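In my numbering, the protein residues as written are 490 to 1043.
Note that CB positions come from ideal geometry on N, CA and C, so glycine has one too.
Predicted model only: the values in this text are computed from it and were never measured.
The structure under discussion appears below in the form of structure tokens.
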Amino acid sequence: MSGTRASNDRPPAAGGVKRGRLQHEAATTGSRVTVVLGAQWGDEGKGKVVDLLATDADIISRFQGGNNAGHTVVVDGKEYDFHLLPSGIINTKAMSFIGNGVVVHLPGLFEEAEKNEKKGLKDWEKRLILSDRAHLVHPRRPCNRLSLPLVVPPPARPAVFDFHQAVDGLQEVQRQAQEGKNIGTTRKGIGPAYSSKAARTGLRICDLLSDFDEFSTRFKNLAHQHQSMFPTLEIDVEGQLKRLKGFAERIRPMVRDGVYFMYEALHGAPKKILVEGANAALLDIDFGTYPFVTSSNCTVGGVCTGLGIPPQNIGEVYGVVKAYTTRVGIGAFPTEQINEIGDLLQSRGHEWGVTTGRKRRCGWLDLMTLRYAHMVNGFTAKTGQGARCTLVSAHGPRVNHSRARCVWAVRPREAQGRSGRGHGVGGPRPAVLVCKTGRCSLPGPRGLALTKLDILDVLDEIKVGIAYKLSGKRIPYFPANQEILQKVEVEYETLPGWKADTTGARKWEDLPPQAQNYIREMGWRWQIQRFDDPAVLDKDRADPGRPRPRQQPQ
């Protein structure tokens, strides 16, 4: 045989090997889902980012929470509010899926749909799939005999509300009376519904659609359990069962075996699957600022348990973060500004809760919380060549399908510095890689989607929380205990403001130099791994490989 290799016997180029490997992995493990998660205490603008990414998605999924979430999306001048429905339901070419990790309040689902139908949402029931394993938040008609303390507000809906909601309100009153403080829940019954699930007394959609006599018996038992705990709670059991039977027929065409549905979606014809997170990392039942948290896992691990998919099918993970920080309800908030700065952020940012209407607390950007959220979630998203990216501002046109705005993605890079030594702590060298509108020329391995930068336009100077101190010493972790978190001293870095309108920015060059500096500094700081080490926080300014912010022009 000749020693000269025939042309068709050449070893494949490295790129060909990689592409072949990726194709083989896709064939064996299935498609991968793209995940959008909140990186703070919620209200970061996830709905806007999801709406943007949903334009070319085939399936948009919810994996946790219930109608305690609130996403607002503006399309062609019409404002849609979503609480239980995935905000991608607007996309008429995609299917929306509510996974088993969600607790479903059926009256709220149909009421939400009807409100949005009046604004132009069409044929939503043909595009919605409900997992048969999702648990129910149990509804009931109002009962005049229900004796609630006066501090519990009356139900907002005149037709129906659920006894899980009533219990939620009663528990809040008990906490206030016994401990002098409550959690500040949305009173949507989400916690009691998850409690029933964990106690193995909950009822699922599959139970409702199966033997209704058996379902009725279990429903009565659950109602009696709640009445034994709260003697003032009276429930029209028979009337509610009649109502649930009607809901069963309305949802029957929408219900599928959720695990099999996702398996087919992942392993069938290639599909783009988008997963929409509700709440955020610091509200996670395990990793949030407990006990002032929600009742589900709203970090990346909840995607697997809430949809029934394995970890190998998790693809890109977007973390959504505001250019400042907000929080609804009580609980530790280290960078909160209870002053004119907080008031300005609240008024300019229109910081009112979508679900509760409560005023949001406001403060400076806290990079300790972002580092912690990244530790738990491992934000990996990069937009890639040809992807849409946008800067979501609070003013001017919102994200919609016909006109994509600009979202700046802030990501580190794995490359070494110019000296070839990294940044001195032995990890990947951070840098800010910003996507250009319509095309990403600087792909990076991890990412945050930064929203509402324009709210900071009027400030002379802007502070960023870069580290926590206890007893005068920097700490390398985000404290789990609320009393300790309340005691931390925040170390700030002060940056110059830009005092210019950024609402019209459509590409990186449109931003003022000081706004670019703010994003660069954010991208540098949030990825420092040893942020407890003074040598790192102080020496990084002298690192010749560090991407230095440009100085304000004189």
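The C-beta distance from Asp943 to Thr869 rounds to 27 Å, too long to fall under 8 Å, and the pair is not in contact. Rounded to the nearest whole angstrom, the CA to CA distance from Phe967 to Lys709 is 44 Å.
Cβ-Cβ distances below 6 Å link Asn556 to His572, Leu573, His594, Gly597 and Lys677 in the same chain, with the five nearest sequence neighbours on each side left out; the list follows chain order. Per DSSP, Lys958 is not a residue of any alpha helix (DSSP H); the beta strand (DSSP E) it occupies stretches across Glu950 to Leu959. Each of Val748, Leu833 and Ala770 was checked against the Cα of Leu796, and the nearest Cα belongs to Val748. If you ignore the 5 residues before and after Ala989, its C-beta comes within less than 7 Å of the C-beta of Asp946 and Pro1001, all in its own chain and listed in chain order. Every beta strand (DSSP E) of 3 residues or more that sits fully in the region 784-871 is shown, in chain order, as 803-811, 814-816 and 850-852. In the DSSP assignment, Gly527 falls outside any alpha helix (DSSP H) and within the unbroken beta strand (DSSP E) covering Val522 to Gly527. For Tyr1007, the enclosing alpha helix (DSSP H) stretches over residues Pro1002 to Arg1014.
For the options Lys761, Thr721, Gly609 and Lys760, the alpha carbon positioned closest to that of Gly566 is the one of Gly609. Looking at the DSSP output, Thr983 shares a beta bridge with Lys952. Ranked by Cα distance from Met751, the options Lys582, Ile762 and Glu703 are led by Ile762. Here the alpha carbon of Asn786 sits roughly 7 Å from the alpha carbon of Gln553. Thr721: not part of any alpha helix (DSSP H); DSSP gives it neither H nor E. DSSP places Val764 in the uninterrupted beta strand (DSSP E) bounded by Ile762 to Glu765.
Look at Asp540 here: in three-state DSSP terms it is helix.
Residue burial is scored here from C-beta neighbours: Lys611 has fewer than 16 other C-beta atoms within 10 angstroms and is therefore classed as exposed.
Sixteen is the threshold: since fewer than 16 other Cβ atoms of the shown chains lie within 10 Å of the Cβ of Met864, the residue is exposed. In the three-state scheme derived from DSSP, where H, G and I count as helix and E and B as strand, Val591 is classed as strand. Phe586 is bridged by DSSP to Ser550 and Ile618.
Separation of Ala737 and Leu692 (C-alpha to C-alpha, rounded to the nearest whole angstrom) is 13 Å. For a cut-off of 8 Å, the C-beta gap from Arg816 to Trp530 is around 4 Å, short enough to register as a contact. Looking at the DSSP output, Glu978 sits in a beta bridge with Lys958. In this structure the region 824-836 does not lie against the region 538-550, because fewer than three pairs of beta carbons, one per stretch, are closer than 8 Å. Minimum Cα-Cα distance from Leu856 among the listed residues Ala712, Leu772 and Lys952 corresponds to Lys952. Judged by beta-carbon spacing, Val764 lies within the 8 Å limit of Val524, meaning their Cβ atoms are closer than that value. Across the structure, Val563 and Ala758 are spaced so that their CA atoms are roughly 31 Å apart. Sequence-distant Cβ neighbours of Met584 in its own chain, meaning closer than 8 Å and more than five residues away, are Asp547, Ile548, Ile549, Arg616, Leu617 and Ile618. For Phe571, the three-state secondary structure derived from DSSP is strand. Of the residues Ala769, Ser576, Cys695 and Pro681, the one whose Cα lies closest to the Cα of Leu526 is Ala769. Ranked by how close their Cα comes to the Cα of Phe781, the residues Gly961, Glu703, Lys582 and Ala969 have Ala969 in first place.
Checking the DSSP bridge columns, you'll see Arg995 has no partner listed.
In chain order, Thr814, Gly852, Trp853, Asp855, Gly954 and Val979 place their CB closer than 6 Å to the CB of Thr824, counting only its own chain and leaving out the 5 sequence neighbours on each side.
In the DSSP annotation of this structure, Ala754 is not part of any beta strand (DSSP E); the continuous alpha helix (DSSP H) holding it starts and ends at Gly747 to His756. Comparing alpha-carbon positions, the option among Glu614, Tyr683 and Phe599 lying closest to Val626 turns out to be Tyr683. With respect to Asn802, Arg521 sits close: the two C-beta atoms are nearer than 8 Å.
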